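Those protein sequences? They're chains A and B, same order as listed. So that you can map any letter, position 21 of the first sequence is 21 in the numbering used here, and since no number is skipped, the others follow by simple counting. One rule links them: number in the numbering used here = place in the second sequence (from 1) + 1000. Every residue, glycine too, gets a C-beta built ideally from N, C-alpha and C. Treat the numbers as computed from the prediction; the structure is a model and nothing was measured. Data first, discussion second: the structure below is written as structure tokens.
2 protein chains.
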Amino acid sequence: MDLPPLVQAFVLHFGEMGSRWGINRTVGQIYALLYVSPEPLCAEEITDALDISRSNVSMSLKELQAWNLVLLRHRPGDRRDFYTTPDDVWQILRTLAEERKKREVDPTLSVLREILMQKPASEAERHAQQRMGEMHVLIEQLTTWYDDVKQLETRRLAMLLSLGAKVTKLLDTKDKIVSLGRVRRTSEKE
Amino acid sequence: MDLPPLVQAFVLHFGEMGSRWGINRTVGQIYALLYVSPEPLCAEEITDALDISRSNVSMSLKELQAWNLVLLRHRPGDRRDFYTTPDDVWQILRTLAEERKKREVDPTLSVLREILMQKPASEAERHAQQRMGEMHVLIEQLTTWYDDVKQLETRRLAMLLSLGAKVTKLLDTKDKIVSLGRVRRTSEKE
DNA sequence: CTGAATTTTCAGAAATTTCTGAAATTCTTG
DNA sequence: CAAGAATTTCAGAAATTTCTGAAAATTCAG
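Okay, structure coming up:
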């Protein structure tokens, strides 16, 4: 691996982080390399840059394609495949979130739902179901929010973020209105 | 492993998911088991429930403690340690987020900052730095937002989520005001 | 202090994941 | 369709991670 030291540091760190997130080290390194490369790279170039076997590169690229994380490029009169990453980091994040949701969150929700349908046969099971119900609600809330927010264009998303917890002030207002409304409705009934 | 079938399904799924997120299967299973148990469990009980060695339980519990994910409990006149999880799922999520940030995000930010300080020695390095800069900005934005939001109590956080992208309407307004301001300022200059 | 109960440690075994080289396949072009 | 360039596949090797049993350490009651 003889990359510019600055690039090498990035690639190695990324490989390290990848493996802490359940992504294989090599896949992480390849992604990092593609991410910082000024031009799309072909498999051979990745092999040379990272000092890994050609077949490993092939399998790792397949993996990255399955995750929708890389773009395929071609040069006229050259039948090799060249790989690159999207330019927009926000887009990359969105793709990552989308894929993880599809692979991990959705199946978890359906397992939870299935379990929650069953009839508890003991007090322990009843309690377990109750706990799983709480988890189910949490995940549903998060994914609903995510489905909402993922539609936003980058510019607007950035704005939403920069607003941060300042939204709380708005919430305070809403909060008061809602509770006022509740009080009124309650007193009307009486 | 002879748990109620409903609990077993949950525990196994959780172990599976854990390993996809870089958490060892056993650690995930133990956490799931503690999460749904009506009472705190001692190491011996976990050993029996999950059919793993006592030493494995000991090490996995140590791991969970390092992640601040479990609570230690004692019974009077019994010197065994009993383990449980917090009741509030939101609190669990917060802890998880906090720990991952501390272990993975913060180090990444500091690696990026360090690399960005260096002087690029080539065009390729200049480009790589530019890309890393974009990633750095993204992560900074996300963590700033996170630092903001993590303070919120559960009730308010849930409200923020339920609001979701409806906040966009507010943003639209802000957006218009901002761009109006820009137009005015520009025309004043001319 | 002794000894029983409990927990921790850790070297090596077992299991799992990752990686490689060689062969097979695909694709293009003359 | 033959040849050559590029890619993919996959069985087994290598590396890494996880797990265990045995021994050591800790804790506490008597």
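Beta-bridge partners of residue i, as assigned by DSSP
| i | result |
| --- | --- |
| T84 (chain A) | A:L71 |
| L1041 (chain B) | B:Y1083 |
| D1078 (chain B) | B:R1075 |
Candidates the options, of which the one nearest residue i by Cα
| i | options | result |
| --- | --- | --- |
| H1127 (chain B) | A:N24, A:P38, A:V167 and A:G77 | A:P38 |
| T1154 (chain B) | B:V1011, B:L1093, B:P1076 and B:K1062 | B:L1093 |
| M1059 (chain B) | B:R1020, B:Q1008 and B:R1025 | B:R1025 |
| L1071 (chain B) | B:L1061, B:S1122 and B:R1103 | B:L1061 |
| I52 (chain A) | A:D2, A:A158, A:E125 and A:Q141 | A:D2 |
| E1104 (chain B) | B:Q1118, B:I1139 and B:F1082 | B:I1139 |
| E1045 (chain B) | B:Y1083, B:K1166, B:W1067 and B:F1014 | B:Y1083 |
| W145 (chain A) | B:V1137, B:L1163, B:D1147 and B:M1132 | B:L1163 |
| A225 (chain A) | A:S55, A:Q8 and A:M159 | With chain A covering only 1 through 190, there is no way to say anything about residue 225 (chain A). |
| N1056 (chain B) | B:C1042, B:V1027, B:G1077 and B:L1033 | B:V1027 |
| E1099 (chain B) | B:F1010, B:D1147 and B:E1016 | B:D1147 |
| F1010 (chain B) | A:T47, A:F14 and A:L116 | A:L116 |
| K950 (chain B) | A:M132, A:V149, A:G15 and A:A158 | Residue 950 (chain B) lies beyond the stretch modelled for chain B, which goes from 1001 to 1190, so this question has no answer here. |
| Q1091 (chain B) | B:A1158, B:F1014 and B:G1018 | B:A1158 |
| R1131 (chain B) | A:E16, A:T85 and A:T47 | A:T85 |
| L33 (chain A) | B:G1015, B:E1125, B:L1152 and B:K1102 | B:E1125 |
| I1014 (chain B) | A:P107, A:G15 and A:E16 | One point to set straight first is that residue 1014 (chain B) is Phe, not Ile, in the sequence displayed. Taking only the C-alpha atoms, the option nearest F1014 (chain B) is A:P107. |
| A1097 (chain B) | B:R1156, B:Q1151, B:P1076 and B:E1114 | B:Q1151 |
| M17 (chain A) | B:K1119, B:K1101, B:Q1118 and B:E1114 | B:K1101 |
Span of the alpha helix (DSSP H), counted from its first residue to its last, around residue i
| i | result |
| --- | --- |
| R1113 (chain B) | D1106 to M1117 |
| S90 (chain A) | Position check: residue 90 (chain A) holds Trp in this sequence, whereas Ser was assumed. Per DSSP, W90 (chain A) belongs to the alpha helix (DSSP H) from V89 to R100. |
| D147 (chain A) | E123 to V149 |
| E1016 (chain B) | P1005 to R1020 |
| M1 (chain A) | From DSSP, M1 (chain A) is part of no alpha helix (DSSP H); its letter is neither H nor E. |
| L152 (chain A) | Segment: none, L152 (chain A) is in no alpha helix (DSSP H) and carries neither H nor E. |
| K1062 (chain B) | R1054 to A1066 |
| R1025 (chain B) | R1025 to V1036 |
Pair within 8 Å by beta-carbon distance, residue i and residue j
| i | j | result |
| --- | --- | --- |
| L64 (chain A) | Y31 (chain A) | yes |
| T1095 (chain B) | L1112 (chain B) | no |
| L193 (chain A) | Q1129 (chain B) | In the structure as shown, chain A begins at 1 and stops at 190. Residue 193 (chain A) is therefore absent and cannot be evaluated. |
| L142 (chain A) | L1142 (chain B) | no |
| A1121 (chain B) | P40 (chain A) | no |
| G22 (chain A) | R1020 (chain B) | yes |
| E1134 (chain B) | V89 (chain A) | yes |
| L1109 (chain B) | H1074 (chain B) | no |
| A213 (chain A) | R54 (chain A) | The structure shown does not extend to residue 213 (chain A), since chain A is modelled only from 1 to 190, so the question has no answer here. |
For the segment 1107-1119 of chain B, which residues have a CB atom closer than 7 Å to at least one CB atom of chain A, in sequence order? T1108, V1111, I1115 and Q1118
What residues in the segment 1035-1069 of chain B have a beta carbon less than 7 Å from any beta carbon of chain A? Cβ contacts with chain A: Y1035, V1036 and P1038.
Interface residues of the segment 1021-1032 of chain B facing chain A [CB-CB below 7 Å]: W1021 and G1022
Chain B contacts made by the segment 78-93 of chain A, where a contact means CB separation under 8 Å: Here the close residues are V89, W90 and L93.
Check each residue of the segment 1095-1106 of chain B: if its Cβ is closer than 8 Å to any Cβ of chain A, include it; give the result in chain order. R1103 and E1104
Mind checking the segment 1152-1165 of chain B against chain A and listing, in chain order, the residues whose C-beta falls within less than 8 Å of any C-beta there? L1152, R1156, A1158, M1159, L1160, L1161, S1162, L1163, G1164 and A1165
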